[in-house]
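Reviewing the structure listed below.
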Amino acid sequence: MVAQCQNKSFNGRLVAIGCNYEPWIALLEQSGWKTHCCYDLRTADSILDEYSPCICIVDLSNNDFSLNSIALRANKTKHVKWIAVIKKEQLQTDAICQFINNFCVDYFSVPIPSNHLLETVGHQLGMLEIEASSWVEITSQHDMGLFGESKSIKQLRDMVRRVASTDVNVFLTGENGTGKELIAKSIHNLSKRKNAAFVTVNCGSLSKDDEKVAFLRTSTADLKEDGELRATGTILLDNVEELSKELQDELLNYLQAPANDTLEDDSHCDIRIVASSSSDLENAVLNGEFSKELFYRLNVFHIKVPTLRERGSDIFMLAEKFLAKFATEYSTMASTFSEDSKQLLLRYSWPGNVRELINQVKRAALLAEGNEVRAEHFDLPSKANLKQSLRNIKDEAEKDVLVAVLETHRGQVASAAKDLGVSRATMYRLLNKHNIVPDVRHYNSSFMRE
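As structure tokens, this is what we get:
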């Protein structure tokens with residue numbers, strides 16, 4: 040079938056790197072494709088940015104380019120389907136095979152069969168359209184877990200898009216309040232299971248008395264017409280580090296079961312597992328608190344959800360979105376932020392991340408009397424309070440060091456001062472500042488007991 044582009048939502052766009060103007064390019068253009076041939080990789084970078092989403096055919100048959108340079112571009116481009124043109128004997132080269140396997144949707148050996156190429160690029164154009172429409176759908180749902188323009192959130196969106204189309208288990212890590220559940224829902228909504236159930240299981244609420252793998256077997260079960268019980272969908276295991284040893288073993292047994300194995304004689308499971316954790320699960324594995332085998336089964340594709348403080352100007356973009364939402368919900372006039380409130384939002388470290396931002400903007404929307412939200416409408420520390428907090432942290436750290444050094448030198452001020460590299464006078468001043476009274480007798484009596 041010859042690829043036709045007239046009925047597409049966007050015209051077929053194709054970039055040919057290192058390709059001569061050959062008959063197959065002319066045939067593509069006759070079929071409605073907009074093509075661009077180039078030989079310079081820097082020019083290719085700008086063209087790919089402009090043309091994306093597009094098909095990119097790269098001619099590797101003459102070894103005109105560094106394979107590593109092409110691989111770097113293939114790895115960073117989004118919404119680009121790569122097709123390689125090679126000589127048949129190049130299939131004996133490991134690097135070529137690895138490139139094709141990692142980055143290409145197809146390859147052709149010269150001479151290129153024009154009709155076959157047209158069918159391939161036409162199919163890939165259709166796949167690009169599906170991906171593009173799916174991505175618009177997910178980002179138009181006001182999914183705040185993926186909203187923003189910072190580098191970290193763009194990388195997160197790309198990882199979600201890539202892994203959603205697969206069946207692999209996903210492991211989400213990140214601080215509390217970063218939106219891990221929203222990310223899990225996005226993965227589900229972009230997957231082939233989007234019309235099936237999405238179930239969140241709080242692992243901290245499960246006990247050893249729960250029915251074996253009931254949270255896997257029954258939570259997404261749909262009764263088919265023929266009576267067969269089929270469980271399908273996505274399960275988010277939230278706070279997976281809180282699973283008991285017994286349930287860790289049950290979950291591991293389920294994951295280790297052969298493909299299409301049943302949990303019951305009349306049931307069949309097709310469940311994708313997304314696990315999330317706010318703690319250091321690798322450390323828990325090292326300490327024997329979490330099953331090593333289960334960790335590796337869950338951690339097939341790891342996504343670290345960025346903190347709000349890592350997202351820069353996204354903070355203010357999110358705040359504006361939330362303000363519009365809550366102002367409508369609570370019928371208030373709040374619509375803008377004053378300059379001092381903007382500075383406060385950007386300066387604060389947001390230990391509670393997006394969840395804390397939501398609560399703060401909700402409060403501000405309720406308290407604002409006019410259309411402007413001011414700094415006093417937030418329950419956040421002022422600049423003076425932030426300075427005071429930093430001073431307290433510094434003082435506590437200084438006190439801890441003094442006590443530790445005194446203990447090391449068994450209350451001997453002179454030797455402790457020498458160890459710290461300060462004079463005895465400075466040492467006594469610091470001790471007075473923190474109300475520390477060294478008791479040499481205490482340290483000596485402790486020493487005698489030892």
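The numbering used here applies: residue 40 is where the sequence shown begins, and numbers increase by one. From the three backbone atoms N, C-alpha and C, an ideal C-beta is built for every residue, glycine too. The model shown is predicted, which means the values in this text are computed figures rather than measured ones.
Residue i vs residue j beta-carbon contact at 8 Å
i       : j       : result
Cys-95  : Leu-87  : yes
Cys-58  : Val-149 : no
Val-294 : Arg-350 : Looking at the sequence shown, residue 294 is not Val but Leu. For Leu-294 and Arg-350, no; Cβs fall outside 8 Å.
Leu-320 : Leu-291 : no
Trp-389 : Arg-348 : yes
Ile-342 : Val-209 : yes
Ala-223 : Leu-185 : no
Val-444 : Asp-458 : yes
Arg-112 : Ala-65  : no
Leu-167 : Pro-92  : yes
Gln-129 : Leu-80  : no
Asp-145 : Ile-122 : yes
Chain C contact for residue i (CB, 8 Å cutoff)
i       : result
Ser-244 : In the structure shown, chain C does not exist; there is a single protein chain.
Own chain residues within Cβ distance below 8 Å of residue i, not counting five before or after
i       : result
Tyr-467 : Val-452
Val-324 : Ser-330, Lys-331 and Phe-334
Pro-62  : Ser-153
Thr-346 : Gly-213, Glu-214, Thr-217, Trp-389 and Asn-392
Thr-447 : Ala-455 and Asp-458
Asn-101 : Gly-57
Leu-195 : Leu-185, Ile-222, Ile-342, Val-344 and Pro-345
Val-461 : Leu-469
Lys-126 : Ser-100, Ser-148 and Val-149
Ala-363 : Ser-374
Residue i versus residue j: straight-line alpha-carbon distance, rounded
i       : j       : result
Val-339 : Val-240 : 19 Å
Phe-417 : Ser-191 : 26 Å
Glu-281 : Gly-243 : 5 Å
Ile-135 : Lys-120 : 17 Å
Glu-289 : Lys-73  : 55 Å
Val-313 : Thr-273 : 7 Å
Tyr-90  : Arg-52  : 6 Å
Glu-411 : Ser-352 : 20 Å
Asn-322 : Phe-237 : 29 Å
Phe-376 : Val-344 : 27 Å
Phe-36  : Asn-326 : Residue 36 lies beyond the residue range present for the chain, which begins at 40 and ends at 489; the question has no answer from this structure.
Leu-470 : Asp-434 : 12 Å
Val-442 : Tyr-387 : 32 Å
Tyr-369 : Glu-415 : 19 Å
Cys-143 : Ala-296 : 32 Å
Pro-420 : Ser-189 : 25 Å
Thr-205 : Thr-159 : 21 Å
Glu-395 : Glu-328 : 30 Å
Asp-133 : Asn-140 : 10 Å
Ala-464 : His-473 : 15 Å
Thr-116 : Ala-407 : 44 Å
Lys-360 : Arg-402 : 14 Å
Ser-70  : Phe-138 : 29 Å
Lys-193 : Ser-317 : 21 Å
Val-97  : Gly-187 : 33 Å
Ala-436 : Glu-378 : 34 Å
Val-207 : Gln-131 : 30 Å
When the options are compared against residue i, the one with the closest alpha-carbon
i       : options                               : result
Arg-413 : Ser-374, Thr-132, Leu-156 and Lys-190 : Ser-374
Val-279 : Thr-273, Gln-287 and Gly-272          : Gln-287
Met-198 : Gln-131, Thr-132, Thr-271 and Asn-114 : Asn-114
Phe-491 : Tyr-78, Phe-147 and Gln-163           : What the structure shows of the chain is the stretch from 40 to 489, and residue 491 is not part of that stretch, so it cannot be assessed.
Ala-235 : Thr-271, Lys-364 and Ala-203          : Thr-271
Gly-165 : His-118, Arg-200 and Arg-232          : His-118
Lys-233 : Val-207, Ala-203 and Glu-437          : Ala-203
Chain-order list of residues whose beta-carbon lies under 6 Å from that of residue i (same chain, five-residue window excluded)
i       : result
His-75  : Val-54 and Ile-86
Ser-315 : Leu-211, Lys-219 and Asp-277
Ala-358 : Leu-384 and Val-400
Ala-366 : Ala-373 and Ala-404
Lys-231 : none
Ile-151 : Trp-63
Proximal residues to residue i (C-beta, below 7 Å), its chain only, five neighbours per side dropped
i       : result
Gly-409 : Met-372
Gln-163 : Ile-94, Lys-120 and Val-144
Glu-68  : Thr-74
Asp-439 : none
Ile-397 : Phe-361
Contact test: residue i Cβ vs the ligand ZN heavy atom, cutoff 7 Å
i       : result
Asn-471 : The ligand content of the structure shown is nil, which means the ligand ZN is not present either.
Checklist entry - Should the region 372-386 be called in touch with the region 226-233, which here means at least 3 C-beta pairs below 8 Å? => result no
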